[in-house]
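Trainee:
There are 2 protein chains.
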Amino acid sequence: MTTGTSPAASTPRLPAELASSTTFLLKRLGFAAKEQALEAYDQTGLHPYHHAVLAVLDEGSRETQGAIADALGYDRGQLVGLLDELEDRGLIERKRDPSDRRRQSVRMTADGKRALAKLRALAVGLENDFLANLDESQRASLHGLLRELARQHLPHCVFRQDGAAVAADG
Amino acid sequence: MTTGTSPAASTPRLPAELASSTTFLLKRLGFAAKEQALEAYDQTGLHPYHHAVLAVLDEGSRETQGAIADALGYDRGQLVGLLDELEDRGLIERKRDPSDRRRQSVRMTADGKRALAKLRALAVGLENDFLANLDESQRASLHGLLRELARQHLPHCVFRQDGAAVAADG
DNA sequence: TATTGTTATACTCTATAACTATA
DNA sequence: TATAGTTATAGAGTATAACAATA
Numbered sequence: 001m002t003t004g005t006s007p008a009a010s011t012p013r014l015p016a017e018l019a020s021s022t023t024f025l026l027k028r029l030g031f032a033a034k035e036q037a038l039e040a041y042d043q044t045g046l047h048p049y050h051h052a053v054l055a056v057l058d059e060g061s062r063e064t065q066g067a068i069a070d071a072l073g074y075d076r077g078q079l080v081g082l083l084d085e086l087e088d089r090g091l092i093e094r095k096r097d098p099s100d101r102r103r104q105s106v107r108m109t110a111d112g113k114r115a116l117a118k119l120r121a122l123a124v125g126l127e128n129d130f131l132a133n134l135d136e137s138q139r140a141s142l143h144g145l146l147r148e149l150a151r152q153h154l155p156h157c158v159f160r161q162d163g164a165a166v167a168a169d170g
Numbered sequence: 001m002t003t004g005t006s007p008a009a010s011t012p013r014l015p016a017e018l019a020s021s022t023t024f025l026l027k028r029l030g031f032a033a034k035e036q037a038l039e040a041y042d043q044t045g046l047h048p049y050h051h052a053v054l055a056v057l058d059e060g061s062r063e064t065q066g067a068i069a070d071a072l073g074y075d076r077g078q079l080v081g082l083l084d085e086l087e088d089r090g091l092i093e094r095k096r097d098p099s100d101r102r103r104q105s106v107r108m109t110a111d112g113k114r115a116l117a118k119l120r121a122l123a124v125g126l127e128n129d130f131l132a133n134l135d136e137s138q139r140a141s142l143h144g145l146l147r148e149l150a151r152q153h154l155p156h157c158v159f160r161q162d163g164a165a166v167a168a169d170g
C-alpha cells in the first residue's frame with residue numbers, strides 16, 4: 001500500500017473541517033500577522049500599540065487620553081502605561097489642560113514624528129511581505145471583502161473611501 | 001483589550017492609516033471571530049479547542065496524543081488538559097498502547113460523535129453569521145484569497161481542493 | 001456625585017521545563 | 001539516553017476595580 005503523494009507526509013494534517021473554514025483561516029492568519037508584527041516591532045523597542053497611539057496623535061493633535069483610548073478601542077488603564085513609555089522616550093508630551101485640570105493634553109514631539117515615520121515604513125514592509133503572494137488586483141479584492149466584514153463586525157472602524165495604506169496595532 | 005463592540009455613535013474615529021490596512025483588518029476580524037466563537041461555545045461547556053480535537057479524532061481514530069497535538073499545532077502539555085476534560089465528559093477514551101506503554105491511544109466515543117455533530121452545527125451557524133454580509137461568490141472569493149495567504153503563512157494547513165466547510169478552533 | 005487619569009489586583013493563556021514511566 | 005505523557009511554574013497580556021484629583 002502506498003498513499004504515494006498524499007499531502008503532508010511528515011506533517012500530520014489539519015482536519016479538512018478546520019482548514020476549509022473561512023473564519024478559521026481568518027483567525028489563524030490574523031494571529032500570524034500579529035506574531036510577525038510583534039517580532040518586527042521588537043527591534044524598534046516599540047510595540048504596535050505605540051504606533052497606533054502615534055498615528056492617532058498625527059491625525060489630530062491635542063488629544064485627551066480618553067479620546068485616544070476610545071479612538072483605538074483601548075482600555076484607559078492600558079493607555080497610561082503606553083503613554084508613559086512614549087513620554088520616557090521623548091516621543092510625546094503630556095500637559096494638564098488648564099480649563100479642566102483632570103484632563104491631560106497629549107501631543108507628539110518632533111522626535112515622535114520621526115519615530116512614526118520609521119514605524120510606518122516598517123509597517124509598509126510588513127504588509128507587503130504578508131501579501132506577497134497576491135497581485136495588486138487580488139489585494140484590492142481582499143481589502144474590499146475584509147472592509148465589508150469590518151462594517152459588520154468592527155463598528156469601531158468608520159470607513160470613508162480610502163486608497164491603500166498600511167498599519168500597525170493589534 | 002476588547003477591540004470588540006464599542007458603539008460607533010460618537011466614537012472618535014480610528015486613524016485611516018490603521019483602518020485602511022489589510023493586515024490590520026485581518027488582525028481585528030480574526031480577533032472578533034474568535035471572540036464570537038468563544039462566547040457561543042461557552043454555552044456548550046466546551047471550547048473550540050475541544051471541537052478541534054474531536055475533529056481530528058473523527059478523521060482518523062486511534063490517534064496518539066502527540067499526533068493530535070502536532071496536527072493542530074497545540075502544545076502537548078496543553079493537550080493533556082483538553083483530553084482530561086473530554087474524558088471526564090465521556091466524549092473520548094484513552095487507553096495505553098500495549099506495544100508501547102508510553103503511548104496513549106485516543107478514540108472518540110459515541111457520545112463524542114454526537115457532541116461533535118452539535119459543535120459542527122454551531123460552527124456552521126457562526127460562520128454563516130460572520131459572513132452574512134457577503135454573497136456566495138464573495139465568500140468563495142474571500143476563501144480563495146485567504147487560502148493563498150495560508151499557503152504562505154500557515155504551512156501547517158495543507159490544502160487539497162475542498163468545497164465549503166466550517167470550523168472551530170483558534 | 002460624576003469624570004479623568006492613575007494605580008493595584010486578579011485572572012486567563014501560554015510557554016517552559018521539570019518529572020514519571022516506559023523504551 | 002531518548003521519548004510520551006504528565007504536572008508544575010512562571011511570564012505575558014488583559015480585564016476589573018479601587019483610588020486621587022478635579023469638576
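Listed in order, the protein sequences are those of chains E and L. The first sequence begins at 1 in our numbering and counts up one residue at a time. The second sequence begins at 1 in our numbering and counts up one residue at a time. We put the beta carbon where it would ideally sit given N, CA and C, even for glycine. Being a predicted model, the structure only gives us computed values, none of them experimental.
Could you tell me which of E:A40, E:S20 and E:L149 sits nearest to E:P121, measuring between CA atoms?
Mentor: By one-based count along the first sequence, residue 121 of chain E stands at place 121. The residue you asked about is not Pro; residue 121 of chain E is Ala in the sequence shown. Checking every option, the nearest Cα to that of E:A121 belongs to E:A40.
Trainee: L:V106 and L:R114 - do their beta-carbons sit closer together than 9 Å?
Mentor: The count along the second sequence starts at 1 and reaches residue 114 of chain L at position 114. The count along the second sequence starts at 1 and reaches residue 106 of chain L at position 106. Taking 9 Å as the Cβ cut-off, L:R114 and L:V106 do not qualify as a contacting pair.
Trainee: Could you spell out where the beta strand (DSSP E) holding L:Q104 opens and where it closes?
Mentor: If you number the second sequence from 1, residue 104 of chain L lands on position 104. D100 to M108 is the extent of the beta strand (DSSP E) around L:Q104.
Trainee: Starting from the C-beta of E:Q152, find all residues in its chain whose C-beta is less than 7 Å away, skip the five residues before and the five after it, and write them out in chain order.
Mentor: Translated into positions along the first sequence, residue 152 of chain E becomes position 152. By the criterion of a C-beta distance shorter than 7 Å, E:Q152 is surrounded by no residue of its chain, once the five residues flanking it on both sides are discounted.
Trainee: Could you work out which residue in E:G45, E:N133 and E:R89 is closest to L:L154 when comparing CA atoms only?
Mentor: The residue given as residue 154 of chain L occupies position 154 in the second sequence. Comparing Cα positions, the closest option is E:N133.
Trainee: For L:D75, which three-state DSSP category applies?
Mentor: Numbered from 1 along the second sequence, position 75 holds the residue referred to as residue 75 of chain L. Of the three classes helix, strand and coil, the one that applies to L:D75 here is coil, per DSSP.
Trainee: Which residues of chain E have a Cβ atom closer than 8 Å to the Cβ of L:R139, listed in chain order?
Mentor: For the purposes of this step, residue 139 of chain L is identified with residue 139 of the second sequence, where counting begins at 1. Per Cβ cutoff of 8 Å: T22.
Trainee: Reducing DSSP to helix, strand and coil, say where L:T23 ends up.
Mentor: Counting from one through the second sequence, the residue named residue 23 of chain L turns up at place 23. Note: L:T23 maps to helix in three-state DSSP.
Trainee: Taking DSSP as the reference, what is the three-state secondary structure of L:R28?
Mentor: Numbered from its first residue, the second sequence carries residue 28 of chain L at position 28. Under the three-state reduction of DSSP, L:R28 is assigned to helix.
Trainee: Kindly indicate if chain L contains any beta-carbon less than 9 Å away from that of E:V56.
Mentor: In the first sequence, residue 56 of chain E corresponds to position 56, counting from 1. So, interface residue.
Trainee: Tell me, please, whether the CB atom of L:A71 is closer than 9 Å to any CB atom in chain E?
Mentor: Here residue 71 of chain L refers to the residue found at position 71 when the second sequence is read from its first residue. Judged by the 9 Å Cβ criterion, L:A71 is in contact with chain E.
Trainee: Roughly how many whole angstroms lie between the Cα atoms of E:L26 and E:D84?
Mentor: Taking the first sequence and counting its residues from 1, one reaches residue 26 of chain E at position 26. Taking the first sequence and counting its residues from 1, one reaches residue 84 of chain E at position 84. Each residue's Cα considered, the two are about 33 Å apart.
Trainee: Buried or exposed, going by whether 16 or more other CB atoms sit within 10 Å of the CB of L:E136?
Mentor: Looking up residue 136 of chain L in the second sequence gives position 136. L:E136 is exposed by the Cβ-count criterion.
Trainee: To which residues does DSSP link E:T64 through a beta bridge?
Mentor: Working through the first sequence from its first residue, we reach residue 64 of chain E at position 64. According to DSSP, which records beta bridges pairwise, E:T64 is partnered with E:S105.
Trainee: Which residues mark the beginning and the end of the alpha helix (DSSP H) in which E:R139 is found?
Mentor: The sequence position of residue 139 of chain E within the first sequence is 139, counting from 1. Element bounds for E:R139: E136 to H153.
Trainee: Please check if any C-beta of chain L sits within less than 9 Å of the C-beta of E:L91.
Mentor: Counting from 1 along the first sequence, the entry for residue 91 of chain E is found at position 91. The beta-carbon of E:L91 is placed no less than 9 Å from the nearest beta-carbon of chain L.
Trainee: Go through its chain and collect everything with a Cβ distance to E:R139's Cβ below 6 Å, but skip five positions before and after it.
Mentor: As a working note, residue 139 of chain E is residue 139 in the first sequence. Closer than 6 Å at the Cβ level, and outside the excluded window around E:R139, lie L131.
Trainee: Check whether the segment 65-85 of chain L touches the segment 42-55 of chain L, counting contact only when three or more Cβ pairs, one atom from each stretch, lie closer than 8 Å.
Mentor: yes
Trainee: Can you check whether the C-beta of L:R94 is within less than 9 Å of a C-beta belonging to chain E?
Mentor: The residue labelled residue 94 of chain L in the question sits at position 94 within the second sequence. Any Cβ of chain E closer than 9 Å to the Cβ of L:R94 would place that residue at the interface, and such an atom is absent.
Trainee: How would you label E:S188, buried or exposed, when you count the other beta carbons within 10 angstroms and need 16 or more for buried?
Mentor: Residue numbering for chain E in the displayed model covers 1 to 170; residue 188 of chain E lies beyond these limits and cannot be assessed.
Trainee: Beta strand (DSSP E) containing L:R89: first to last residue?
Mentor: On the second sequence, position 89 is the one that residue 89 of chain L refers to. First-last for L:R89: undefined, no H or E at that position.
Trainee: Under 9 Å between C-beta atoms, does L:E87 make it to chain E?
Mentor: As a position in the second sequence, residue 87 of chain L is number 87, starting the count at 1. Chain E, which has no Cβ nearer than 9 Å to the Cβ of L:E87, makes this no.
Trainee: Kindly indicate the opening and closing residues of the alpha helix (DSSP H) around L:H47.
Mentor: Here residue 47 of chain L refers to the residue found at position 47 of the second sequence. That residue, L:H47, is in no alpha helix (DSSP H); it is neither H nor E in DSSP.
Trainee: Leaving out five residues on either side along the sequence, give the residues of the same chain with a beta carbon under 6 Å from the beta carbon of L:D111.
Mentor: Here residue 111 of chain L corresponds to residue number 111 of the second sequence, with the count starting at 1. The answer, listed in chain order, is G90 and L91.
Trainee: Does the separation of the CB atoms of E:H126 and E:A69 fall below 9 Å?
Mentor: Residue 126 of chain E sits at position 126 when you count from the first residue of the first sequence. Residue 69 of chain E sits at position 69 when you count from the first residue of the first sequence. Checking the displayed sequence, the identity of residue 126 of chain E turns out to be Leu instead of His. It is not a contact, given that the beta carbons lie outside the stated cut-off.
Trainee: Pull up the distance between the alpha-carbon of L:L142 and that of L:A55, whole angstroms please.
Mentor: Numbered from its first residue, the second sequence carries residue 142 of chain L at position 142. Numbered from its first residue, the second sequence carries residue 55 of chain L at position 55. Answer to the nearest angstrom: the Cα atoms are 24 Å apart.
Trainee: Taking Cβ positions only, does L:A123 come closer than 9 Å to chain E?
Mentor: Numbered from its first residue, the second sequence carries residue 123 of chain L at position 123. So, interface residue.
Trainee: Distance cutoff 9 Å, beta carbons only. Does L:E17 sit that close to anything in chain E?
Mentor: Sequence index remark: in the second sequence, residue 17 of chain L carries index 17 (1-based). Yes, L:E17 counts as interfacial toward chain E.
Trainee: Mapping DSSP to helix, strand and coil, what is E:R114?
Mentor: Indexing the first sequence from 1 puts residue 114 of chain E at position 114. Helix.
Trainee: Against chain L, does E:C157 count as a neighbour if the rule is that its beta carbon must be under 9 Å from one of theirs?
Mentor: Stepping through the first sequence from its first residue, residue 157 of chain E is reached at position 157. So yes, E:C157 belongs to the interface.
Trainee: Given E:F24, which residues of its chain have a CB within under 7 Å of its CB, disregarding the five upstream and five downstream residues?
Mentor: What you label residue 24 of chain E is simply residue 24 of the first sequence in a count that begins at 1. The answer, listed in chain order, is L18.
Trainee: Whole-angstrom Cβ separation of E:C157 and L:L145, contact assumed at under 8 Å?
Mentor: Here residue 157 of chain E is taken as the residue at index 157 of the first sequence, counted from 1. Here residue 145 of chain L is taken as the residue at index 145 of the second sequence, counted from 1. Incorrect: roughly 19 Å between the Cβ atoms, too far for contact.
Trainee: Considering only the alpha carbon of each residue, which of L:R28, L:L72 and L:Q65 lies closest to L:R101?
Mentor: Against the second sequence, residue 101 of chain L aligns to sequence position 101. With distances taken between Cα atoms, L:R101 lies closest to L:Q65.
Trainee: Roughly how many whole angstroms lie between the Cα atoms of L:Q104 and L:P98?
Mentor: By one-based count along the second sequence, residue 104 of chain L stands at place 104. By one-based count along the second sequence, residue 98 of chain L stands at place 98. Between L:Q104 and L:P98, the C-alpha separation is close to 9 Å.
Trainee: Tell me which residues of the segment 127-152 of chain L have at least one Cβ-Cβ distance to chain E shorter than 8 Å, keeping chain order.
Mentor: Of all residues in the segment 127-152 of chain L, those with a C-beta nearer than 8 Å to a C-beta of chain E are E127, F130, L131, A132, N133, L134, Q138, R139, S141, L142, H143, L145, L146, R147, E148, L149, A150, R151 and Q152, reading in chain order.
Trainee: Look up L:R13 in the DSSP assignment and say whether it is helix, strand or coil.
Mentor: On the second sequence, position 13 is the one that residue 13 of chain L refers to. Residue state for L:R13 is assigned as coil, using DSSP reduced to three classes.
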